[in-house]
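K.L.:
Let me give you the structure first, and then I'll get to my questions.
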Amino acid sequence: MKSREIYQVEARRVKGGKANLIAALEDARSNGEVDEAEIARLPLEELADKMRCWRIWAVTALSLANGEWSGKRAANFLREARDVIGVYYYNETVWERAKQLKTDAEGHEYQMAAEMCRDEGKYWLRVGAFLGNPLLIDKAIESFEETISLAETGTSAAALAMIERETAKRTKGQGVDFTQIRQAFTTVVDLSPRVGGWDRMAAVSWMYIKEAVFSGNFKDSLMGVRNLRIACNQLDKGWLQYPRNELLTGVMGISRRMTRGDVYAEQFEIQSK
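Every number in the numbering used here is 134 more than the matching position in the sequence shown, counting from 1.
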């Protein structure tokens, strides 16, 4: 899969909706599969494209797990994301090359290793919520901390991980540094025309609205709403779908836990090969 095709698959993933997510997953799955023995022999440019494909594969599987009513189907998507991370992200050749990649083919920010750590953090948050196991939030926080340490200062990846880390801490009942969240939010929004696009701006704006409300910073929540509406106008979708989806996700989470069958944390541990 070449860079142009990867952009097309990513655009389909970002568009959302189950049909688009399934199509993006199938594309990433069919183009991302590669024998581990071949990885070290891939030209660097081809390996970089594979890494982007693997990220789409993992993140799309997590999105599909989060959109499932059935706990058993959600578990399958979570295990698929686990395997992508364990087989490809943890591969020594991939990891060493990922740490060197700081931009994409067009010269825009793409902190590959940091973004891969963010993916793993999101994986642990999804698994923790699925199992009702708050201890897994600590694994997510560790991943976001590693993201921040790997990403260059002032990058979108570092700023976004700061917000995700503080959100995870709040979920655990710990205090959060809203000043840091505000600074990180500004960085992500300012960089969004070149890094992450309108979809990232919309996603981080919704995160910011929630954290502002939880922290009692209501003026900040209005700023988040304004940026969310700007991003959604560019994406041609209604901004109210974000709070609607939040409510629906909560209900679906209950359904997943009720229908997940016999699952336990060990099934979701990431095993490198």
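Just so you know, even glycine gets a beta-carbon here, dropped at the ideal spot from N, CA and C.
So, Leu198 versus Cys251, is the Cβ gap smaller than 8 Å?
P.N.:
No, they are not a contact pair.
K.L.:
Just to confirm, are Phe348 and Arg304 a CB contact at a threshold of 8 Å?
P.N.:
In this structure, Arg304 lies closer than 8 Å to Phe348 by Cβ.
K.L.:
Short of 8 Å in beta carbon distance, which residues of its chain neighbour Lys206, apart from the five on each side in sequence? Order them along the chain.
P.N.:
Taken in chain order, the residues that qualify are Thr393, Arg394 and Gly395.
K.L.:
Buried or exposed: which applies to Asn367, given that a residue is buried once 16 or more other Cβ atoms fall within 10 Å of its Cβ?
P.N.:
When all chains shown are included, Asn367 counts as exposed.
K.L.:
Residues in its own chain within less than 6 Å of Val322 by CB, not counting five upstream and five downstream?
P.N.:
The answer, listed in chain order, is Ser290, Ala293, Leu294 and Val338.
K.L.:
Going by other Cβ atoms of all chains shown within 10 Å of its Cβ, with 16 needed for buried, is Leu356 buried or exposed?
P.N.:
Exposed: under 16 other Cβ atoms inside 10 Å.
K.L.:
Please report the distance separating the alpha-carbon of Leu159 from that of Ser277.
P.N.:
Roughly 24 Å between the two C-alpha positions.
K.L.:
If you draw a straight line from the C-alpha of Glu300 to the C-alpha of Leu212, how long is it?
P.N.:
Going by the C-alpha atoms only, they are around 23 Å apart.
K.L.:
Looking at the unbroken alpha helix (DSSP H) that takes in Trp203, where does it start and where does it end?
P.N.:
Looking at the DSSP string, Trp203 is not in any alpha helix (DSSP H), and its letter there is neither H nor E.
K.L.:
Would you mind listing the alpha helix (DSSP H) stretches within the segment 332-374 that are 4+ residues and don't spill past its ends, in chain order?
P.N.:
Taking only runs of at least 4 residues, the alpha helix (DSSP H) segments lying wholly in the segment 332-374 are 352-369.
K.L.:
Starting from the Cα of Arg363, find the closest Cα among Phe352, Ile343 and Leu382 and give me that residue.
P.N.:
It is Ile343 whose Cα lies nearest to the Cα of Arg363.
K.L.:
Rounded to whole angstroms, what's the CA-CA distance from Val359 to Phe352? Just pull it up for me.
P.N.:
Spanning the two alpha carbons is a distance of roughly 11 Å.
K.L.:
Between Glu286 and Lys236, which are expected to be in contact by the criterion C-beta below 8 Å, what is the C-beta distance as a whole number of angstroms?
P.N.:
The Cβ separation is near 7 Å, so the contact holds.
K.L.:
I'd like to check one pair, Lys256 with Leu196: are the Cβ atoms closer than 8 Å?
P.N.:
Cβ atoms of Leu196 and Lys256: closer than 8 Å.
K.L.:
With a Cβ-Cβ cutoff of 8 Å, do Arg231 and Leu265 count as a contact?
P.N.:
Not closer than 8 Å, so no.
K.L.:
What are the complete alpha helix (DSSP H) segments, minimum 4 residues, inside the segment 246-326?
P.N.:
The qualifying runs are 246-265, 270-284, 290-305 and 312-325.
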